[in-house]
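In my numbering, the protein residues as written are 1 to 460.
Quick notes on the structure that follows.
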Amino acid sequence: MANASSQSSTMREAVTVGRMWQPSLYIGSIVAHPEDRVAILPPRIKDSMPSPEPKPGESGWLYRVLEPYYTRESVDNVMEAMMEGQISSGAAWPRKLAENICSLYNVPVALPTSSGASALMVSLLACDLGPQDHVLVPSFTMVAVANAVTMVGATPVFCDSAPGSLNPGMEEILQKATPRTKAVIICHTYGVAAKEIQKLADLCRERCWWLIEDICEAMGTKADNGQLVGTFGDFAVSSLYANKPITAGDGGWIHAREAKHHDRLKSLINHGFDPAYHFLHFETAPNAKMNGLGAAFACSQIKLLPSIMEQRAKLAEWYREELSGLAGIQCIEQARHDAPWVFGIQASSRSARDSIREHLADHGVETRNYFYPLHLEPVNFYSGQPGVYDIVLPHAEHLAQVGLYLPTHSFLVRADLTYICSLIKRFFEPSTAVPELQRGLGWANAERSKILKGTETSSG
């Protein structure tokens, strides 16, 4: 009875976030302190891992890296969906969203999903991958890419970025190809189109490899030939998370260039349901559907994407002008159609990068490090994949050490970028004049409220 009483007391003290009851093999439940989790990592990982995130100055964050952007029509559509009971994945709104995506990308098949990550998993399931299969993936991208490959039972093979580029090119892909390669994922990282995407698409067709384009950071991005990325591969997946140019809060979609994939994809996002026999299932599949409220929220935003991308192009142009000629800074790769999702810069060294971030944080400007390479992620050590983290991918590793990105969202105007870039210039030259700050805490929320109330005014 004493043991039962003790157990009951422990359970009453349990919290959702904190100590786990009967903890799993998650390393955080075995090694409680962050410093201890890092201490046992191999030097190759430990010596290159990111520094702790800088904290804002006394004023708080005046400029966030990204801000959700949406209009009154999105809110009205959600209210309509709620009033009419059209809130589930079986409602009309996900179908309307799919139609809008098909129209934008000129494809026959599009299916809204619960996230970009779930869309990626569904695309990999549609490729019929197994434990014997290799999937070539960029190392310089978000961890969801490697996670999805691993979770469907295949093996991610990490590719370096091309020299001077965020993305792999033909050479980097061919260097890692094996007889077991069955698919390639190209990510168009940070909204910069892979330079050789057409050649890569041709290579995949020649080798009978599946090509999946992850456009979670590249919706609306154009390749050098003017073609939308997401229209070169067999499948494309995207995210509608709150930090993306258009959003459902969470969510995403998968689309395909060929109509023959419709029925399989529709089944794969919905537990493997068979269209003819409702409760007869012929394969294991996740629940990756998007709910009706999320689809209603995102539906009207699809038509806004071209104008949002025009504004992203202006931000890139202004950042490049403001930072032009500044020694010690290199701007993000410039594509022919230059409208990155986020605008990045590269410092001369890791210590300089970290110091710039601290300097900007002191003035209320939020930044983010560039991605940490996937082949160096601690998960490779803790999951027992020896040797993965010993691979050397010099370009991806260099980008991770020196890169950061700056505030990039739809509420920013030229004066904001002038202020931010003046702070960067002051880091290198303390005598640099910084214009008077025109923004106060919560200014982006105020701008969003204007849009929702229909009182916004044009600025630039």
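For glycine and all other residues, C-beta sits at the position ideal for the given N, C-alpha and C.
Helix, strand or coil: how does DSSP classify residue i here?
| i | result |
| --- | --- |
| Glu213 | strand |
| Ser300 | coil |
| His395 | helix |
| Tyr372 | coil |
| His261 | helix |
| Trp61 | coil |
| Cys421 | helix |
| Phe343 | strand |
| Tyr190 | helix |
| Leu104 | helix |
| Tyr70 | coil |
| Asn270 | strand |
| Ser24 | Per-residue confidence for Ser24 stands at a pLDDT of 43, beneath the threshold of 50, marking its modelled position as unreliable; the derived number appears in the next sentence. Of the three classes helix, strand and coil, the one that applies to Ser24 here is coil, per DSSP. |
| Lys182 | strand |
| Gln86 | coil |
| Ile246 | coil |
| Tyr277 | coil |
| Ser123 | helix |
Just to check my reading of the structure: residue i and residue j have Cβ atoms closer than 8 Å, yes? What is that Cβ distance to the nearest angstrom?
| i | j | result |
| --- | --- | --- |
| Phe232 | Ile185 | Contact doesn't hold; Cβ gap of about 12 Å is too wide. |
| Ala126 | Arg264 | 6 Å |
| Thr178 | His134 | 5 Å |
| Ile254 | Phe282 | Rounded, the Cβ-Cβ distance is 20 Å, inconsistent with contact. |
| Ile215 | Gly230 | 4 Å |
| Val75 | Leu452 | 6 Å |
| Gln132 | Arg180 | 6 Å |
| Thr209 | Lys244 | This sequence places Trp at residue 209; Thr is not what is there. About 28 Å separates the two Cβ atoms, so there is no contact after all. |
| Ala396 | Pro373 | 5 Å |
Is it true that the CB of residue j sits closer than 8 Å to the CB of residue i?
| i | j | result |
| --- | --- | --- |
| Met82 | Phe371 | no |
| Leu441 | Leu62 | yes |
| Ala93 | Ala296 | Residue identity check: residue 93 is Trp in the sequence provided, not Ala. Yes, Cβ-Cβ distance for Trp93 and Ala296 is below 8 Å. |
| Glu462 | Pro54 | Examination of residue 462 is not possible in this model, given that the chain is present from 1 through 460 alone. |
| Ala148 | Gly130 | no |
| Arg462 | Trp318 | The structure shown has nothing for residue 462, since the chain only spans 1 to 460. |
| Gln369 | Gly328 | Residue identity differs from the one stated: residue 369 is Asn in this sequence, not Gln. No, the pair does not count as a contact, with Cβ atoms beyond the cut-off. |
| Tyr419 | Pro407 | no |
| Arg257 | Val107 | yes |
| Ser161 | Lys195 | no |
| Met121 | Val152 | yes |
| Leu104 | Leu240 | no |
| Asp250 | Gly292 | no |
| Pro286 | Arg312 | no |
| Phe381 | Leu41 | yes |
| Leu315 | Cys421 | no |
Would you decide whether residue i is buried or exposed? Buried here means 16 or more other CB atoms lie within 10 Å of its CB.
| i | result |
| --- | --- |
| Ala446 | exposed |
| Arg336 | exposed |
| Leu211 | buried |
| Ala146 | buried |
| Arg353 | buried |
| Gly364 | buried |
| Asp416 | buried |
| Val237 | buried |
| His33 | exposed |
| Asp128 | exposed |
| Tyr190 | buried |
| Gly169 | buried |
| Gly344 | buried |
| Tyr69 | buried |
| Trp21 | Low confidence applies to Trp21: its pLDDT is 38, below 50, so where it sits in the model is not reliable enough to give any reading. |
| Lys176 | buried |
Could you tell me the distance, in whole angstroms, from the CA atom of residue i to the CA atom of residue j?
| i | j | result |
| --- | --- | --- |
| Ser348 | Ser59 | 29 Å |
| Phe158 | Ala193 | 19 Å |
| Arg44 | Asp362 | 31 Å |
| Leu412 | Pro50 | 28 Å |
| Ala144 | Asp224 | 26 Å |
| Cys299 | Asp47 | 45 Å |
| Val342 | Leu174 | 28 Å |
| Arg37 | Glu99 | 47 Å |
| Pro56 | Ile424 | 16 Å |
| Val388 | Leu376 | 7 Å |
| Ala259 | Ser123 | 14 Å |
| Lys96 | Ser449 | 26 Å |
| Ser114 | Pro138 | 23 Å |
| Ala91 | Met290 | 10 Å |
| Arg207 | Gly325 | 44 Å |
| Ala39 | Ser307 | 48 Å |
| Leu393 | Gly454 | 50 Å |
| Ile302 | Ile101 | 7 Å |
| Gln401 | Arg350 | 5 Å |
| Phe279 | Gly272 | 9 Å |
| Asp274 | Ile87 | 23 Å |
Is residue i near the ligand FAD, going by C-beta to nearest heavy atom under 7 Å?
| i | result |
| --- | --- |
| Val137 | For the ligand FAD, the structure offers nothing, since it holds no ligand at all. |
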